Amino acid sequence: MIKLTKDQIKEIAEELDCGMRCYINKETGEIKTVLNFESWQTDDREPWEDVLNDLEENWDKYVEIDRMESHESFEIMADFAESVDSRELRDSLINALNRKHPFQNFKWVVDNSGPYREKWFDFKNHRLIEWVKDQLEVLDFEHENE
Numbered sequence: 027m028i029k030l031t032k033d034q035i036k037e038i039a040e041e042l043d044c045g046m047r048c049y050i051n052k053e054t055g056e057i058k059t060v061l062n063f064e065s066w067q068t069d070d071r072e073p074w075e076d077v078l079n080d081l082e083e084n085w086d087k088y089v090e091i092d093r094m095e096s097h098e099s100f101e102i103m104a105d106f107a108e109s110v111d112s113r114e115l116r117d118s119l120i121n122a123l124n125r126k127h128p129f130q131n132f133k134w135v136v137d138n139s140g141p142y143r144e145k146w147f148d149f150k151n152h153r154l155i156e157w158v159k160d161q162l163e164v165l166d167f168e169h170e171n172e
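Using this note's numbering, the letters of the sequence shown map in sequence onto residues 27 to 172.
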């Protein structure tokens, strides 16, 4: 079985976070990404045509790495909020998550939190990488450990 590098795992996590769909060739380890057309308001598939054709023609050679469901993304935000050492910011984040439009509210609070913004990105990236690793293990892919 193919062994994926840390950089490949990071790439998959980043692509999923950007709303892409990620596929791994089971024989070569090559990663293919395409726009998640269900999430984007576009029917323009032309830029993705070559990749889509390859995936369709060789569907048995690829596995898809699933993106997180919204409740799983919410859980990451809640875990981050609980981990923040500033009581004021922690309360603001928890309050944001408990109001209508929690994702939007959380983003606004984080974007205006100074140095905690970068801590959020690090926290989220770490969790996304762990998410990808967990899926790879279920699919019997090996990966480099940190």
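The C-beta atom is built at its ideal place from N, Cα and C for all residues, glycine as well. Fair warning: this is a prediction, and the values are worked out from it, not measured in the lab.
For residue i and residue j, which I take to be in contact (beta-carbon distance under 8 Å), what is that distance rounded to the nearest angstrom?
i, j, result
"E90", "R47", "6 Å"
"F106", "F149", "5 Å"
"F132", "L119", "6 Å"
Figure out for me which residue from the options has the closest Cα to the Cα of residue i.
i, options, result
"L30", "K133, V135, N51", "N51"
"E144", "D33, S96, E41, V110", "V110"
"M94", "D160, F167, P141", "D160"
"D43", "E72, F167, D166, I102", "I102"
"L115", "K87, N138, L78", "N138"
Excluding five sequence neighbours on each side, which residues of the same chain lie with their C-beta closer than 7 Å to the C-beta of residue i?
i, result
"L162", "L30, H169"
"K87", "N51, K52, E53"
Which of the three DSSP states, helix, strand or coil, is assigned to residue i?
i, result
"I28", "coil"
"K126", "coil"
"V89", "strand"
"V110", "coil"
Mind checking whether residue i and residue j have CB atoms under 8 Å apart?
i, j, result
"W146", "V136", "yes"
"N121", "A39", "no"
"K58", "D33", "no"
"I155", "I35", "yes"
"A104", "L123", "yes"
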